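Structure first, then comments.
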(Lines of atoms letter the chains of each structure in order from A and count residues from 1; the text may use other names and numbers.)
(Lines give C-alpha, C1' and ligand atoms only; values in the text may rest on other atoms or scores of the structure.)
Protein backbone atom coordinates (compact mmCIF):
# COMPACT_ATOMS: atom_id res chain seq x y z
CA UNK A 1 0.00 0.00 0.00
CA UNK A 2 1.36 3.38 -0.93
CA UNK A 3 -0.87 5.40 1.39
CA UNK A 4 1.04 6.53 4.46
CA UNK A 5 0.12 8.93 7.24
CA UNK A 6 3.02 10.86 8.77
CA UNK A 7 2.43 12.86 11.96
CA UNK A 8 5.01 15.63 12.38
CA UNK A 9 5.68 16.57 16.00
CA UNK A 10 8.28 18.43 18.07
CA UNK A 11 9.57 16.79 21.26
CA UNK A 12 11.63 18.54 23.92
CA UNK A 13 14.37 16.99 26.06
CA UNK A 14 14.84 20.02 28.33
CA UNK A 15 11.66 19.56 30.33
CA UNK A 16 10.78 23.24 29.85
CA UNK A 17 8.03 22.84 27.27
CA UNK A 18 4.64 21.77 28.55
CA UNK A 19 2.99 20.85 25.26
CA UNK A 20 0.42 18.04 25.41
CA UNK A 21 0.84 16.18 22.13
CA UNK A 22 -1.74 13.64 20.97
CA UNK A 23 -1.56 11.69 17.73
CA UNK A 24 -4.71 9.89 16.61
CA UNK A 25 -4.48 6.53 14.87
CA UNK A 26 -7.01 3.85 13.98
CA UNK A 27 -7.06 0.51 15.78
CA UNK A 28 -5.71 -2.31 13.63
CA UNK A 29 -3.80 -0.18 11.11
CA UNK A 30 -0.51 -1.80 10.07
CA UNK A 31 2.62 -0.37 8.45
CA UNK A 32 0.85 2.82 7.32
CA UNK A 33 1.29 5.30 10.18
CA UNK A 34 4.52 7.09 11.05
CA UNK A 35 5.84 9.70 13.46
CA UNK A 36 8.42 12.21 12.25
CA UNK A 37 9.80 14.05 15.26
CA UNK A 38 12.00 17.08 15.57
CA UNK A 39 13.83 16.73 18.88
CA UNK A 40 14.74 20.00 20.54
CA UNK A 41 16.60 21.13 23.65
CA UNK A 42 14.54 24.17 24.53
CA UNK A 43 14.29 25.96 21.19
CA UNK A 44 17.34 24.44 19.49
CA UNK A 45 17.12 21.29 17.36
CA UNK A 46 19.28 18.46 18.68
CA UNK A 47 22.23 17.60 16.41
CA UNK A 48 22.86 13.87 16.33
CA UNK A 49 26.39 12.51 16.63
CA UNK A 50 27.85 9.40 15.00
CA UNK A 51 26.90 6.27 16.91
CA UNK A 52 23.73 7.72 18.43
CA UNK A 53 20.48 5.86 17.94
CA UNK A 54 16.84 6.57 18.73
CA UNK A 55 14.12 4.44 20.26
CA UNK A 56 10.37 4.89 20.54
CA UNK A 57 9.24 3.80 24.02
CA UNK A 58 5.57 2.83 24.34
CA UNK A 59 3.31 1.81 27.22
CA UNK A 60 -0.22 0.61 26.47
CA UNK A 61 -3.22 0.86 28.79
CA UNK A 62 -2.69 -2.81 29.79
CA UNK A 63 0.74 -1.71 31.18
CA UNK A 64 2.70 -3.73 28.62
CA UNK A 65 5.79 -1.77 27.53
CA UNK A 66 7.89 -2.11 24.38
CA UNK A 67 10.69 -0.23 22.66
CA UNK A 68 11.10 0.20 18.89
CA UNK A 69 14.10 1.43 16.90
CA UNK A 70 13.81 4.50 14.69
CA UNK A 71 15.88 6.22 12.04
CA UNK A 72 17.66 9.57 12.09
CA UNK A 73 17.00 11.28 8.75
CA UNK A 74 19.46 13.48 6.85
CA UNK A 75 17.71 16.64 8.14
CA UNK A 76 18.19 15.54 11.77
CA UNK A 77 14.56 14.55 12.32
CA UNK A 78 13.72 11.06 13.54
CA UNK A 79 11.25 8.71 11.91
CA UNK A 80 9.35 5.87 13.55
CA UNK A 81 6.72 3.55 12.20
CA UNK A 82 3.86 3.38 14.68
CA UNK A 83 3.99 -0.35 15.45
CA UNK A 84 0.84 -2.43 14.95
CA UNK A 85 1.35 -3.67 18.53
CA UNK A 86 0.61 -0.13 19.77
CA UNK A 87 -2.62 -0.04 17.75
CA UNK A 88 -4.10 -3.33 18.95
CA UNK A 89 -6.17 -1.88 21.82
CA UNK A 90 -8.51 1.14 21.56
CA UNK A 91 -6.90 3.16 24.35
CA UNK A 92 -4.21 5.80 24.70
CA UNK A 93 -0.58 4.73 24.41
CA UNK A 94 1.99 6.72 26.40
CA UNK A 95 5.20 7.32 24.42
CA UNK A 96 8.53 9.09 24.50
CA UNK A 97 11.74 8.97 22.48
CA UNK A 98 15.19 8.10 23.81
CA UNK A 99 18.50 9.13 22.27
CA UNK A 100 21.20 6.61 23.16
CA UNK A 101 24.88 7.17 22.42
CA UNK A 102 27.67 4.66 21.76
CA UNK A 103 28.41 4.46 25.52
CA UNK A 104 24.73 3.70 26.29
CA UNK A 105 24.20 7.13 27.85
CA UNK A 106 20.56 8.03 27.36
CA UNK A 107 18.34 11.12 27.34
CA UNK A 108 14.58 10.96 26.85
CA UNK A 109 12.02 13.43 25.54
CA UNK A 110 8.81 14.63 27.09
CA UNK A 111 5.87 12.23 26.92
CA UNK A 112 3.35 12.27 24.08
CA UNK A 113 0.32 10.10 23.41
CA UNK A 114 -1.14 8.01 20.63
CA UNK A 115 -4.93 7.93 20.94
CA UNK A 116 -6.03 4.67 19.37
CA UNK A 117 -9.52 5.15 17.94
CA UNK A 118 -11.61 1.95 18.00
CA UNK A 119 -12.12 0.30 14.63
CA UNK A 120 -15.70 -0.34 13.46
CA UNK A 121 -14.76 -3.98 12.83
CA UNK A 122 -11.73 -6.11 13.59
CA UNK A 123 -9.69 -8.13 11.13
CA UNK A 124 -11.53 -11.19 12.45
CA UNK A 125 -15.01 -9.85 11.60
CA UNK A 126 -15.88 -11.19 8.15
CA UNK A 127 -19.10 -11.03 6.21
CA UNK A 128 -20.91 -14.12 4.95
CA UNK A 129 -22.62 -12.08 2.19
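Residue numbers (the numbering used here): 231 to 359.
Here a beta-carbon is modelled for each residue, glycine too, at the ideal position from N, C-alpha and C.
Quantities reported herein were computed from a predicted structural model and do not represent experimental measurements.
Under DSSP, residue 323 forms a beta bridge with 344.
For residue 291, the three-state secondary structure derived from DSSP is coil. Two segments are said to touch when three or more pairs of C-beta atoms, one from each, lie closer than 8 Å; by this definition the stretch 244 to 256 does not touch the stretch 292 to 308. Residue 312 and residue 263 do touch by the CB rule: their CB atoms are close to 4 Å apart, below 8 Å. Restricting attention to 284, 317, 273, the CA atom closest to the CA of residue 292 is found in 317. When the alpha-carbon of residue 239 is set against those of 346, 331, 341, 352, the nearest one is in 341. For residue 281, the closest C-alpha among the options 332, 338, 337, 348 is that of 332. Out of 278, 276, 337, the CA that lies nearest to the CA of residue 326 is found in 337. Annotated three-state conformation of residue 316 is helix, per DSSP. Between residue 297 and residue 256, the alpha-carbon positions lie close to 20 Å from each other. Of the candidates 335, 286, 245, the residue whose Cα lies closest to the Cα of residue 279 is 335.
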